[in-house]
Amino acid sequence: MLYMRAILLMGIGLYTSRIVLHTLGITDFGIYNAVGGVIAMFGFISSSLSNATSRFITIAIGRGEQAYINRTFGNVKIIYYALCVVIVLLTETVGLWFLFSKMTIPAERMNAAFWVFQYSVLSAVIGLICVPYNSAIIAHERMSAFAYISLLDATLKLLICFLLQVVPYDTLIVYATLFFVVEIIDRIVYAVYCNRRFEEVHAPAKVDKEQLREILTMSGWTLSGNLFWILNTQGINLILNVFFGPVVNAARGIAMQVQGVMGQFVTNFQTAINPQITKSYASAEYERMHSLLHLSSKFSYFLMFIISVPLFIEAPIILKCWLNIVPENTVIYLRIILIYSVLATLTNPLWISVLATGKLKKYQLFDNIVQASVLPISYIAFKYFNAASYAVFLILLISQIVETIIRVWIVLPLIGYKYIKYFREVVVPLVSVSFVAPLLPFMLSNSFNGNDVVRVFSICIVSVFCSSLAVWVFGLKSKERTYLKDFFKTRMSNRHIK
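Here the working numbering runs 141 ahead of the position in the sequence shown, where the first position is 1.
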């Protein structure tokens with residue numbers, strides 16, 4: 142049921158992207174992705190910070206002391222209210238200066254860009270205010286709440302698409318306004334849900350200096366990593382705008398939307414398993430934690446890989462059928478981002494594991510150094526070597542490979558997981574599947590002549606079959622195969638009984 146919802150959300154997300162691109166036009170769509178990217182940027186930060194703060198709430202719940210849970214939740218709220226004030230001050234000073242002084246935006250669209258920026262900042266602030274509530278949902282493992290609220294969110298965004306086609310006003314400003322309204326509705330629903338189910342939400346926020354210091358230390362390291370991620374994500378968007386204009390932002394925006402829609406499958410799985418990793422460490426069940434780590438790493442990778450292979454192979458035709466008008470370079474951006482996304486699935490289980498230990502300093506320090514290098518290298522490549530626009534995505538991909546290696550090197554000793562065991566149980570199966578699975582689909586793609594729809598359908602079927610077979614043969618151990626067999630037998634027998 143969870144993945145049926147994910148498929149539905151993916152369909153709605155892809156459809157809305159097509160309608161929005163056609164309604165706004167390539168230039169306005171690019172402006173929104175360059176200026177309004179603040180929403181997506183802080184959305185990622187909210188998600189990451191939710192994982193960090195849910196660690197404290199999860200441990201508090203494990204202690205079973207409601208007063209301690211209340212105090213923890215209150216301190217978390219204080220931190221995020223303060224963070225919102227800082228963000229508003231920065232965006233309304235430095236952010237506005239950059240918008241008016243440095244960005245490449247047609248003069249007649251500057252007023253629209255200004256309002257997009259303002260609504261994006263407001264949406265980001267609302268998102269951060271609700272981080273404690275999201276953290277509580279994760280800590281209490283009420284994952285169904287995310288599923289149903291995400292359906293509401295997708296439905297409202299679909300409604301926006303239809304409204305855009307009939308409103309008589311500036312469509313870019315209207316789009317940003319309606320997106321902001323959807324953000325408010327989402328957050329109200331989250332708040333109401335938490336108020337009805339979690340006692341700690343009603344407790345007054347009281348400062349506990351010792352706990353506040355502990356949360357700030359961990360959240361500080363988490364936030365530093367997120368700030369460098371901002372430099373990479375929004376910084377890349379701004380650099381592309383400065384050197385190549387809003388049309389390139391539109392191409393990148395489309396590629397990133399596809400990545401976001403596909404990532405919902407992996408996010409659903411990882412969000413469900415993350416609290417179990419934390420609880421296993423807190424209760425000193427290290428063997429179980431190791432099993433959850435390699436299970437999360439493998440299954441997340443396989444899920445994203447199976448979806449990505451046919452899209453990678455048939456990207457030109459799929460984008461053409463989907464969008465009709467495809468901005469230049471979208472195909473190459475999408476292909477590089479797909480490889481990046483598949484590799485990135487390995488990092489979340491490692492991140493959750495190091496969060497569970499609370500020993501973030503070394504991990505985040507090395508991670509920040511790698512992330513901080515992306516933007517200056519990209520700027521140098523564009524400024525002094527006249528590099529093509531896709532060079533920044535290649536630089537980002539290389540940084541992801543380096544980050545993954547560093548994360549494995551740092552995290553495994555912290556949780557007592559041997560390198561050789563991780564290599565044998567995670568790396569070898571992933572590499573084997575990655576080399577074997579795409580062979581037949583690539584060969585079929587190169588030799589297939591015929592109708593585009595038939596071609597894409599055939600490649601998708603063959604690709605999913607080959608990838609699934611490769612995962613079964615090369616990616617899973619015998620006990621994992623047995624577990625899956627028993628799982629499906631149980632589901633089928635239950636359905637038969639009904």
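Cβ atoms here follow ideal geometry from the backbone N, Cα and C, with glycine treated the same way.
When you compare only the Cα positions, how much space is there between L501 and M359? Here residue 501 refers to the residue found at position 360 when the sequence shown is read from its first residue. Here residue 359 refers to the residue found at position 218 when the sequence shown is read from its first residue. Cα to Cα, L501 sits roughly 7 Å from M359.
Ignoring anything shorter than 4 residues or poking outside the segment 362-429, list the alpha helix (DSSP H) runs there in chain order. 387-423
Who are the Cβ neighbours of H637 in its own chain at under 7 Å, not counting the five residues just before and after it? Taking the first residue of the sequence shown as position 1, residue 637 is located at position 496. Reliability fails at H637, whose pLDDT of 49 lies under 50, so the model's placement of it is uncertain and no value is given.
Count the CB pairs spanning the segment 289-306 and the segment 227-242 that are closer than 8 Å, and state whether there are at least three. no
Give the secondary structure of D627 by DSSP, where H, G and I count as helix, E and B as strand, and everything else as coil. Position 486 of the sequence shown, counting from 1, holds the residue named residue 627. Three-state result, D627: helix.
4-residue-minimum alpha helix (DSSP H) runs that sit fully inside the segment 167-251, ordered along the chain: 167-176, 178-204, 207-231 and 237-242
Out of curiosity, what's the CA-to-CA distance linking R354 and L368? Locating residue 354 in the sequence shown gives position 213, where the first residue counts as 1. Locating residue 368 in the sequence shown gives position 227, where the first residue counts as 1. Distance between the alpha carbons of R354 and L368: 20 Å.
Taking Cβ to Cβ, would you say V549 is nearer than 8 Å to Y563? The residue you call residue 549 lines up with position 408 of the sequence shown. The residue you call residue 563 lines up with position 422 of the sequence shown. Yes, Cβ-Cβ distance for V549 and Y563 is below 8 Å.
Could you tell me whether the segment 555-570 touches the segment 473-480, where touching means 3 or more Cβ pairs closer than 8 Å? no
Contact set for S609: own chain, Cβ-Cβ below 7 Å, skip 5 residues either direction: Numbered from 1 along the sequence shown, position 468 holds the residue referred to as residue 609. Excluding positions up to five away in sequence, the list reads I447.
Short Cβ contact (8 Å threshold) for A332 with I198: As a first step, residue 332 must be located in the sequence shown, where it is residue number 191. As a first step, residue 198 must be located in the sequence shown, where it is residue number 57. Not a contact, by the Cβ cut-off of 8 Å.
Distance, M430 Cα to Y422 Cα: Here the question's residue 422 lines up with position 281 in the sequence shown. Here the question's residue 430 lines up with position 289 in the sequence shown. Approximately 6 Å, taken between the alpha carbons.
Which runs of the alpha helix (DSSP H) at least 4 residues long sit entirely within the segment 463-500? Give them in chain order. 471-485 and 488-498
My output table needs one value for C271: the three-state DSSP class, helix, strand or coil. Here the question's residue 271 lines up with position 130 in the sequence shown. If DSSP states are grouped into helix, strand and coil, C271 belongs with coil.
Grab me the residues of D349's own chain with a C-beta within less than 7 Å of its C-beta, minus the 5 sequence neighbours each way, in chain order. Looking up residue 349 in the sequence shown gives position 208. Excluding residues within five positions, the ones whose Cβ falls inside 7 Å are R212 and N216.
Beta-carbon separation (whole angstroms), S437 vs Q411, contact threshold 8 Å: Position 296 of the sequence shown, counting from 1, holds the residue named residue 437. Position 270 of the sequence shown, counting from 1, holds the residue named residue 411. Between Q411 and S437 the Cβ distance is about 6 Å, and since that is below 8 Å, they are a contact.
Taking DSSP as the reference, what is the three-state secondary structure of D508? Residue mapping note: residue 508 aligns to position 367 of the sequence shown, counting from 1. Residue state, collapsed to three classes: helix.
Runs of alpha helix (DSSP H) wholly within the segment 568-632 (minimum 4 residues, chain order): 569-577, 580-588 and 593-611
Helix, strand or coil: which one does DSSP assign to S519? Residue 519 sits at position 378 when you count from the first residue of the sequence shown. Here S519 sits in helix by DSSP.
Measure how close the beta-carbons of A277 and V342 come, nearest whole angstrom, since I'm counting them as under 8 Å. As a position in the sequence shown, residue 277 is number 136, starting the count at 1. As a position in the sequence shown, residue 342 is number 201, starting the count at 1. Yes, they are in contact, since the Cβ atoms of A277 and V342 sit about 7 Å apart, within 8 Å.
I'd like the list of long-range same chain contacts for K298, defined as Cβ closer than 7 Å, with 5 residues on each side in sequence excluded. One-based indexing of the sequence shown puts residue 298 at position 157. Closer than 7 Å at Cβ, skipping near neighbours: T157 and V323.
What span of residues does the alpha helix (DSSP H) with A295 cover, start to end? Translated into positions along the sequence shown, residue 295 becomes position 154. Its alpha helix (DSSP H) spans residues M284 to L305.
Are there 16 or more other CB atoms within 10 angstroms of the CB of Q306, so buried, or fewer, so exposed? Sequence index remark: in the sequence shown, residue 306 carries index 165 (1-based). Flag for Q306 reads exposed.
Does DSSP put F258 in a helix, a strand or coil? Here residue 258 refers to the residue found at position 117 when the sequence shown is read from its first residue. In this structure, F258 counts as helix in the three-state DSSP scheme.
Determine, using beta carbons only, whether T245 and G386 come nearer to each other than 8 Å. Taking the first residue of the sequence shown as 1, we reach residue 245 at position 104. Taking the first residue of the sequence shown as 1, we reach residue 386 at position 245. Yes, the pair counts as a contact, with Cβ atoms nearer than the cut-off.
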